[in-house]
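**Student:** One structure, as structure tokens, below. Some questions next.
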Amino acid sequence: MDYVVGSKWEQRGADSLKKRFKEMVTQVVKEENQYQAAFQQLQQRTAASGEAWLGRLRESAMDRFEQLGFPSVKEEEWKYTNVAPISKLTSKPILGSIDADALATSAKLARFGYREAQGSELVFLNGVLRNNLSSLASLPVGVVGIDLAEAIADAKYGELIREHLARSADYNANAFTALNTAFVSSGAFILIRKGTELESPLHLNFVADPSDPDPANFPRVLIIAEENCRATVIESYASISDAAYFTNSVVEIVLKDGASLEHYKVQRESVDAYHIATTSADLGSSSSYDSTTITFGAQLSRHDIHIRMANEGAECWVDGLYVVSSDQHTDTHSVIDHQQPHCTSHQLYKGILDGKSRAVFNGKIFVRHGAQKTDAIQTNKNLLLSNEARVDTKPQLEILADDVKCAHGAAVGQIDEDELFYLATRGIHPDLAKNLLTYGFAEEVIGKIKVDSIRAQLDEAVLNRINARLEA
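Going by the working numbering, the first residue of the sequence shown is number 148, and it counts up by one from there.
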């Protein structure tokens with residue numbers, strides 16, 4: 148006897164479900180294939196080099212990426228950020244050497260550098276280190292700055308890297324971290340020896356050249372700062388031209404006892420780019436980590452920050468400024484994990500939004516059992532220059548110890564009319580008054596930056612955004 152569907156509407160519904168399922172399967176296969184071919188090519192190259200442990204690490208990470216898949220808005224950690232456009236890119240991972248004729252010269256890259264780091268700069272094009280464009284003449288003897296792939300193959304550093312690579316940044320819980328780990332190859336290995344003081348900042352200059360359609364870059368950085376050393380590292384991202392491309396970066400930082408690191412991340416990607424980043428730091432006893440993240444570029448950006456304070460007396464400052472407009476979307480997720488007593492953390496994130504832009508801030512301070520005498524504060528403030536801009540902010544405290552000092556807060560608002568009126572009574576034009584108040588809002592973060600050329604660059608960028616709004 149033939150089976151008959153109850154109604155033509157049920158049949159149409161079944162056909163629709165089959166079609167959607169087929170489309171989903173096709174999309175998944177496409178996503179896997181676009182990375183699998185490049186992944187297998189990279190694995191074959193690794194097998195030839197003899198670094199079996201690295202091949203196993205990559206294999207494990209790729210397996211995990213395929214299990215997790217790209218996150219969806221149904222997941223709590225991604226409910227406000229839709230990465231479907233990234234999954235639909237026909238991304239082509241950059242695996243090795245690049246044709247120099249197809250890429251920028253040092254003259255074209257000059258605008259992405261910083262005066263203070265002229266003799267201490269590693270330049271990466273599409274995630275691949277270019278020694279001919281880099282300069283390390285100012286690095287002291289106690290600092291190593293070389294290509295990650297080269298360091299892995301070097302007997303002096305191989306075991307140290309194996310001990311720390313992919314340990315701080317856990318790829319089991321984050322699909323993008325897993326995808327980056329699956330493509331670990333060229334990158335930056337920074338080792339600051341015990342007691343060394345780096346007077347000039349070290350600049351890791353990542354530049355995208357989207358000559359090919361939808362290139363995918365996977366920058367990887369491992370920084371190990373030994374006992375009682377002091378250094379400043381600048382990590383910057385920019386593009387030679389406006390085009391769609393995908394940057395997926397992972398930075399792992401290990402601070403030994405008494406080490407001090409200032410870390411600046413400046414994200415100025417193309418407005419059509421997608422920028423997904425993970426920064427993970429493990430802090431030793433009495434160590435100090437001072438980070439500032441500046442976000443101006445990318446159509447869609449996401450930064451996951453994880454700070455682990457697993458030793459007594461550690462302290463950190465985790466600050467940031469995002470300035471977005473038009474339909475830009477930026478997302479910051481952070482976890483500051485107080486695991487031991489007498490640790491201090493300060494977090495200040497500020498945002499300026501215009502047009503139809505959207506920002507997401509989700510910060511968590513976690514104080515574990517026994518982490519007494521913790522001192523932690525977290526603040527997120529946002530200034531809306533448009534009625535169509537939107538912010539979703541969620542600062543969080545989870546405290547499992549009783550002798551602590553913790554606070555958190557968030558604010559979203561527009562320019563204060565009373566402040567505008569006050570400036571008007573002093574003879575200041577309304578447009579200039581708005582400029583002054585907007586810049587003053589950003590200055591709380593910009594003013595803490597100790598590298599003059601970064602601060603000047605950000606001054607200019609904020610003022611340009613303000614002027615562009617006035618001219619619109």
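Virtual Cβ for every residue (Gly too), placed ideally from N, Cα, C.
Using the Cβ count rule (16 or more neighbours within 10 Å means buried), how would you classify His576?
**Tutor:** exposed
**Student:** What do you reckon, are the CB atoms on Val471 and Ile452 nearer than 8 Å?
**Tutor:** no
**Student:** If we cut at 8 Å on Cβ distances, does Asp474 have a partner in chain D?
**Tutor:** This model lacks chain D altogether, as it is built from one protein chain only.
**Student:** Per the DSSP calculation, Lys497 is bridged to which residue(s)?
**Tutor:** Its beta-bridge partners are Leu468, Lys528.
**Student:** Taking the C-alpha atoms as reference points, what is the distance between Val172 and Gln475?
**Tutor:** Because Val172 sits at a pLDDT of 45, beneath the cut-off of 50, its placement in the model cannot be relied upon, and the point is left open.
**Student:** By the three-class DSSP mapping on this structure, what secondary structure does Tyr182 have?
**Tutor:** helix
**Student:** Let me confirm a value: Phe568 is counted as buried when at least 16 other C-beta atoms fall within 10 Å, else exposed. Which label applies?
**Tutor:** Per the 10 Å Cβ criterion, exposed.
**Student:** Could you say which of Leu408, Ala428, Ser347, Ile339 lies nearest to Ser315 if we only look at CA atoms?
**Tutor:** Ala428
**Student:** Straight-line CA distance for Asp248 to Asn327?
**Tutor:** Below a pLDDT of 50, predicted positions are generally treated as unreliable, and Asp248, at 44, falls in that range; the measurement from the model is reported next regardless. Asp248 and Asn327: Cα-Cα distance of roughly 27 Å.
**Student:** Counting only runs that start and end within the stretch 363-432, where is the beta strand (DSSP E) found for 3 or more residues in a row?
**Tutor:** 367-372, 377-386, 393-402, 407-415, 421-430
**Student:** Have a look at Val230 and Leu570 and give me their C-alpha separation to the nearest angstrom.
**Tutor:** 43 Å
**Student:** Buried or exposed for Gly560, please, with buried defined as at least 16 other CB atoms from any protein chain shown within 10 angstroms of its CB.
**Tutor:** exposed
**Student:** Who pairs with Pro240 in a beta bridge, going by DSSP?
**Tutor:** Beta-bridge partners assigned by DSSP to Pro240: Ala363.
**Student:** Skipping 5 residues on each side, what residues in its chain have a beta carbon closer than 7 Å to that of Ser333?
**Tutor:** Gly274, Val275, Leu276, Asp294, Leu295, Ala296
**Student:** Between which residues of its own chain and Leu530 is the CB-CB distance below 8 Å, once the five residues before and five after are set aside?
**Tutor:** Lys497, Gly498, Ile499, Leu500, Gly560, Gln561, Ile562, Thr585, Phe588
**Student:** For Lys454, which residues of its own chain have a beta-carbon under 6 Å away from its beta-carbon, when the five flanking residues on both sides are left out?
**Tutor:** Reading off the sequence, residue 454 comes out as Ile, not Lys. The residues are Ala428, Cys463, Ile483.
**Student:** Kindly indicate the opening and closing residues of the beta strand (DSSP E) around Val592.
**Tutor:** Careful: Val592 lies outside any beta strand (DSSP E), inside the alpha helix (DSSP H) at 577-593.
**Student:** State buried or exposed for Leu579, treating a residue as buried only when at least 16 other CB atoms are found within 10 Å of its CB.
**Tutor:** exposed
**Student:** Which whole-angstrom value describes the C-beta separation of Leu402 and Gly431, a residue pair presumed to lie in contact below a C-beta threshold of 8 Å?
**Tutor:** 5 Å
**Student:** Apply the 10 Å Cβ neighbour rule to Val176 and answer buried if 16 or more other Cβ atoms are within range, or exposed otherwise.
**Tutor:** Confidence at Val176 is low in this model, with a pLDDT of 43, below 50, so its placement is unreliable and the value that follows should be read with caution. Per the 10 Å Cβ criterion, exposed.
**Student:** Any contact of the stretch 352-367 with the stretch 382-392, i.e. 3+ C-beta pairs under 8 Å?
**Tutor:** Counting C-beta pairs closer than 8 Å gives three or more between the stretch 352-367 and the stretch 382-392, which meets the contact rule.
**Student:** Bridge partners for Leu338 per DSSP, in chain order?
**Tutor:** Val291, Ile371
**Student:** Using beta-carbon positions only, say whether Ile299 and Gly292 come within less than 8 Å of one another.
**Tutor:** no
**Student:** Going by Cα to Cα distance, which pick from His480, Gly460, Phe186 is closest to Thr540?
**Tutor:** His480
**Student:** Roughly how many angstroms lie between the CA atoms of Asp246 and Leu269, to the nearest whole one?
**Tutor:** Since pLDDT at Asp246 reaches only 48, below the 50 mark, its modelled position is unreliable, and no value is offered.
**Student:** Rounded to the nearest angstrom, what separates Asp419 and Ala257 at their Cα positions?
**Tutor:** 22 Å
**Student:** Taking all protein chains shown into account, do 16 or more other C-beta atoms lie within 10 angstroms of the C-beta of Lys595, making it buried, or fewer, making it exposed?
**Tutor:** Burial call: exposed.
**Student:** So, with DSSP's three-state summary, where would you put Ala249?
**Tutor:** With a pLDDT of only 43 at Ala249, under the threshold of 50, the placement of this residue in the model should not be trusted, and no figure is reported.
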